[in-house]
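**Q** Pasting a structure below so you can have a look.
Rendered as structure tokens:
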């Protein structure tokens, strides 16, 4: 029998807010443990939550970027469970009336364009960080109460590749949208993965297995692959897949049972009486819409349509937001879009790899790169000098024109010098001259090579060719 | 001047203003009264004499430097669930023994700014769950009018301290009658403001959608002074309402006429089993208001009979979550266990008393999967009907007159073995919290046994000015509030 896997993701994304979701404590990574805390996020008696308007805005903007409908009336609920990572022993979340409904992500999976549908996005608060040491368990409440939104997909994915593409696309949209830094190391994006299998053709979904709290996309891929195989094997052997929560052991590459349906929590959701419902007006939604940044897919289209770049360039340049922003900034200063693109994908990219820093962290500015492109197109410097110049600007910075001057990188356009070298080339290469005259225009290249060598690469190639032709055709 | 502790806030603020006494003298008189009587009354849980005197000195200095205000230098007793920075806040529970509040509740911060002196912490039912202050884990507070009787609850310590002149005034909280009922039992004035009128930030939550902070005082005017000082929008409490705060105290004049006022009398509030002495006292109060010029109209609040059932579902549901934070991890009592779950179990088993446990279990049950719709959801629907009853009633009248309790204060121990019987006593007070409106309890007589009886005056949301005006007119033209218990 053939089987089909159905995969849904519940992805928690930590929003880029200055303060926490329900109190004024700073939201920062790496602070000394339990320093960004107050009576509210520590769950002290009498403390009350007040929602962070910026988080609501970011959640709704994420929704708008993902094509969700913004719920004009959403509300808060308490999800009750006892665990030391939740100071109040309930989490403030949204159960039946989330901020965003529906939506989709369109992305390429192995060259094929696929649409993955979303169920909802809701806003909630993060838990504290527990560390288990030999001496006991330690709790850091700095993370407790930070803004967290949960993006819930439908079970619309059918392979690990689908899930991988979904996560990558989602990550890119969150980064582009300024919603989250999506730094996986810092736990900005974690997913619960729901996997079930069913015989092909069957409509009803199979028993769902949830793999909790995964942050590495490659582990998600491994876990899904393992889980699909495991479930098919269970069915093939005449067994039944048990609805349960499983963990993923990345060392062994296996999932393992954590909790079955029988001992699942009863979270006893009920409306949060300490917070008023969130009312969002049509005018507010329109305002947020007008502020939405360009998404990668839109930017890629603009590069092709407005800047005349090949689709390949557009795709490469938009793969990372900071690179793309850098490119955009450079293109505001020059019209040499293709040249800038070439340098971004060529010399700049190789320097980024070599030095392992992002272009925005280097000394190179978009303005300087734009000037390099202009210097090349204006014939002031040649392409090898341009690469050399970019490297200097990347590592040491500086004014491109001043560097060109100081290092003597300018091309030689001086006719008298070119004329002298051209005459020498013609005099010293009788064979090439004869070939050229016999009708082989390519033989001019060896004459040109001589001139370039004499000029130490600074002669302007079109000018050299023009001079040689002038002499030969005379 | 002697016996400053027996005076009201407005009397003392006049004396202070005229330089006839100092805050230190007032505090000393109050402390002397506590020393003399609290051994009998048991109103106070903790008393920080040194701090109280220091606050009083500071208030006197501020006054000398030109600061003014009705509350400058006035000592207050604080119900033990309001956070006062640096003071204990046990909620009369073992689970919070040793906890020192790290911050001021907003209402406290406002009073501190006004120069009030925080004298000490007064007893209450554990986590405000109870109607007699008998569920306190620490002591049994006695009714100053008859020490064999309960002071009411849950703000029993607040009411008893004011009635015994062991405080000039006190703060309490009212979730289902916890200010009005002890005020009635102890012959004080108690005000439950409209939900959202005073910030709940720093009030240890029992039931978030019902809780309100309010004053327990010797006169209506004193309640008006405290309300005015505490009311207003607070950025720390989303449920506080952004409305201008009227000058409540100033509006209470010597004109005691109630001409033009329509007062509603709900038939449903003269319930079966009501004590005839209570019914008679309230009936006489109604007649008195008529004499002052008020017009009496009959109104109906047909859904009030469901209030107890609705209240004990909603309040316990919210409490089951609100009290989950008392887990032994960050503060308060901890009983270690092999894992967190065992630690929680042991800590909460040792830290909570039987009434609190009963309500947590009840609240957990009504929210459980499969029961939510039948209990919690249905209760919320009936709550709306109760609110609608009041909305309709206030189209016919400016305020509603009713008893506060079916009987005067009962004996200590009389109802502790029958929780349901005690719950039923809340029949006349809980509808007010469920509807979110305001209610005032004013002394309106005594039983033959010499126990006080209270008159309840209910007003629509944010119509405190109405009920204060009626209460003030009634009070100033009667002398029930001038009676003092013999202790």
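Protein chains in written order, with the working numbering: chain C, 229 to 702; chain S, 3 to 489. Glycine included, every Cβ here is placed at the ideal spot set by N, Cα and C. These figures come from a predicted structure and were not determined experimentally.
For residue 16/S, write down the residues that DSSP places opposite it in a beta bridge.
**A** Within the second chain, residue 16/S is the residue found at index 14, counting from 1. In the DSSP output, where bridge partners are listed per residue, residue 16/S has none listed.
**Q** Which of helix, strand or coil does DSSP assign to residue 297/S?
**A** Position 295 of the second chain, counted from the start, is the residue given in the question as residue 297/S. DSSP places residue 297/S in strand when its eight states are reduced to three.
**Q** Can you give me the start and stop residues for the beta strand (DSSP E) that residue 386/C sits inside?
**A** The sequence position of residue 386/C within the first chain is 158, counting from 1. Neither: residue 386/C is in no beta strand (DSSP E) and is coded neither H nor E.
**Q** Quick one: list the residues of chain C neighbouring residue 98/S, beta-carbon separation under 8 Å, in chain order.
**A** Walking along the second chain from the start, residue 98/S turns up at place 96. The answer, in chain order, is 273.
**Q** Between which two residues does the alpha helix (DSSP H) holding residue 371/C run?
**A** For the purposes of this step, residue 371/C is taken as residue 143 along the first chain, with counting starting at 1. First-last for residue 371/C: undefined, no H or E at that position.
**Q** Could you say which of 480/S, 379/S, 402/S lies nearest to residue 272/S if we only look at CA atoms?
**A** Here residue 272/S refers to the residue found at position 270 of the second chain. Of 480/S, 379/S, 402/S, the residue nearest in Cα terms is 402/S.
**Q** Pull out every residue of the stretch 497-526 of chain C whose Cβ sits closer than 9 Å to any Cβ of chain S, in chain order.
**A** For the stretch 497-526 of chain C, which is checked against every Cβ of chain S, the residues closer than 9 Å are 497, 498, 499, 500, 501, 502, 503, 504.
**Q** Take residue 25/S as the anchor and find which of 38/S, 70/S, 40/S, 314/S has the nearest alpha-carbon.
**A** By 1-based counting over the second chain, the position of residue 25/S is 23. It is 70/S whose Cα lies nearest to the Cα of residue 25/S.
**Q** Should the stretch 347-363 of chain C be regarded as contacting the stretch 237-257 of chain C, the criterion being three or more beta carbon pairs within less than 8 Å?
**A** Yes, the stretch 347-363 of chain C is in contact with the stretch 237-257 of chain C.
**Q** How many angstroms separate the CA atom of residue 554/C from the CA atom of residue 321/S?
**A** Numbered from its first residue, the first chain carries residue 554/C at position 326. Numbered from its first residue, the second chain carries residue 321/S at position 319. Residue 554/C and residue 321/S: Cα-Cα distance of roughly 54 Å.
**Q** Is any beta-carbon of chain C found at less than 9 Å from that of residue 178/S?
**A** Within the second chain, the letter at position 176 stands for residue 178/S. Judged by the 9 Å Cβ criterion, residue 178/S is not in contact with chain C.
**Q** Just the C-alpha distance for residue 502/C and residue 398/S, rounded to the nearest angstrom, thanks.
**A** Taking the first chain and counting its residues from 1, one reaches residue 502/C at position 274. Taking the second chain and counting its residues from 1, one reaches residue 398/S at position 396. C-alpha separation (whole angstroms): 32 Å.
**Q** What are the residues that DSSP puts in a beta bridge with residue 332/C?
**A** Your numbering for residue 332/C matches position 104 in the first chain. BP columns for residue 332/C point to 345/C.
**Q** Please identify, using Cβ separations under 8 Å, the residues of the stretch 342-375 of chain S that lie next to chain C, in order along the chain.
**A** Cβ contacts with chain C come from 342, 343, 346, 366, 369, 370, 371, 374.
**Q** If you measure between the beta carbons of residue 411/S and residue 153/S, is that distance less than 9 Å?
**A** Residue mapping note: residue 411/S aligns to position 409 of the second chain, counting from 1. Residue mapping note: residue 153/S aligns to position 151 of the second chain, counting from 1. It is a contact, given that the beta carbons lie within the stated cut-off.
**Q** CB-CB under 6 Å to residue 233/S, same chain, minus the five flanking residues each way: which ones, in chain order?
**A** Residue 233/S sits at position 231 when you count from the first residue of the second chain. Excluding sequence neighbours, residue 233/S sits near 199, 200, 247.
**Q** From residue 408/C to residue 417/C, what distance separates their C-alpha atoms?
**A** Reading the first chain from its first residue, position 180 is the one you call residue 408/C. Reading the first chain from its first residue, position 189 is the one you call residue 417/C. Taking the straight line from one Cα to the other gives about 9 Å.
**Q** Using a beta-carbon distance cut-off of less than 8 Å, what residues from the stretch 260-294 of chain C approach chain S?
**A** Residues passing the 8 Å Cβ filter: 267, 270, 271, 272, 273, 274, 275, 276, 277, 278, 279.
**Q** Taking Cβ-Cβ distances shorter than 7 Å, what residues in chain S pair up with residue 315/C?
**A** The residue labelled residue 315/C in the question sits at position 87 within the first chain. Correct list: 327, 332.
**Q** Within the 9 Å Cβ cut-off, does residue 45/S reach chain C?
**A** The residue you call residue 45/S lines up with position 43 of the second chain. No, no contact with chain C.
**Q** Taking the CB atoms as reference points, tell me whether residue 210/S and residue 81/S lie closer together than 9 Å.
**A** Translated into the one-based positions of the second chain, residue 210/S becomes position 208. Translated into the one-based positions of the second chain, residue 81/S becomes position 79. For residue 210/S and residue 81/S, no; Cβs fall outside 9 Å.
**Q** In the DSSP assignment, find the unbroken beta strand (DSSP E) run with residue 520/C in it and report its ends.
**A** Taking the first chain and counting its residues from 1, the one referred to as residue 520/C is at position 292. Careful: residue 520/C lies outside any beta strand (DSSP E) and carries neither H nor E.
**Q** Answer yes or no: does any C-beta atom of chain S fall closer than 9 Å to that of residue 302/C?
**A** Reading the first chain from its first residue, position 74 is the one you call residue 302/C. Chain S, which has no Cβ nearer than 9 Å to the Cβ of residue 302/C, makes this no.
**Q** Can you check whether the C-beta of residue 494/C is within less than 9 Å of a C-beta belonging to chain S?
**A** Numbered from 1 along the first chain, position 266 holds the residue referred to as residue 494/C. Chain S contact via Cβ: present.
**Q** Which term fits residue 457/C, buried or exposed, when burial requires 16 or more other beta carbons within 10 angstroms of its beta carbon?
**A** Within the first chain, numbered from 1, the residue matching residue 457/C stands at position 229. Classification for residue 457/C: exposed.
**Q** List the whole-angstrom C-beta distance separating residue 99/S from residue 294/S, where the pair is believed to meet the contact cut-off of C-beta under 8 Å.
**A** The count along the second chain starts at 1 and reaches residue 99/S at position 97. The count along the second chain starts at 1 and reaches residue 294/S at position 292. Wrong, their Cβ atoms sit about 49 Å apart, outside the cutoff.
**Q** Going by DSSP, what residue range makes up the alpha helix (DSSP H) through residue 468/S?
**A** Within the second chain, residue 468/S is the residue found at index 466, counting from 1. That run of the alpha helix (DSSP H) goes 466-478.
**Q** Whole angstroms are fine: how far does the CA of residue 252/S sit from the CA of residue 159/S?
**A** If you number the second chain from 1, residue 159/S lands on position 157. If you number the second chain from 1, residue 252/S lands on position 250. The alpha-carbon atoms of residue 159/S and residue 252/S are separated by roughly 29 Å.
**Q** Buried or exposed for residue 493/C, please, with buried defined as at least 16 other CB atoms from any protein chain shown within 10 angstroms of its CB.
**A** For the purposes of this step, residue 493/C is taken as the residue at position 265 of the first chain. Per the 10 Å Cβ criterion, exposed.
**Q** Can you tell which of 251/C, 293/C, 670/C, 235/C has the C-alpha that lies nearest to the C-alpha of residue 522/C?
**A** Sequence index remark: in the first chain, residue 522/C carries index 294 (1-based). Selected option, being the one with the closest Cα: 293/C.
**Q** Using a Cβ-Cβ cut-off of 9 Å, state whether residue 363/C counts as contacting chain S.
**A** On the first chain, position 135 is the one that residue 363/C refers to. Output row for residue 363/C: interface = no.
**Q** Can you name the residues of chain C whose CB is closer than 7 Å to the CB of residue 204/S?
**A** Position 202 of the second chain, counted from the start, is the residue given in the question as residue 204/S. Here the neighbours are 274.
**Q** Exposed or buried, residue 341/S, counting other C-beta atoms within 10 Å across all chains shown (16 or more means buried)?
**A** The residue given as residue 341/S occupies position 339 in the second chain. Answer is exposed; the Cβ neighbour count stays below 16.
**Q** Among all the DSSP beta bridges, which residues are the ones paired with residue 485/S?
**A** Working through the second chain from its first residue, we reach residue 485/S at position 483. Looking at the DSSP assignment, residue 485/S forms no beta bridge with any residue, so it has no partner.
**Q** Does DSSP classify residue 159/S as helix, strand or coil?
**A** For the purposes of this step, residue 159/S is identified with residue 157 of the second chain, where counting begins at 1. Helix at residue 159/S.
**Q** Return no unless some Cβ of chain S is closer than 9 Å to the Cβ of residue 306/C.
**A** The count along the first chain starts at 1 and reaches residue 306/C at position 78. So yes, residue 306/C belongs to the interface.
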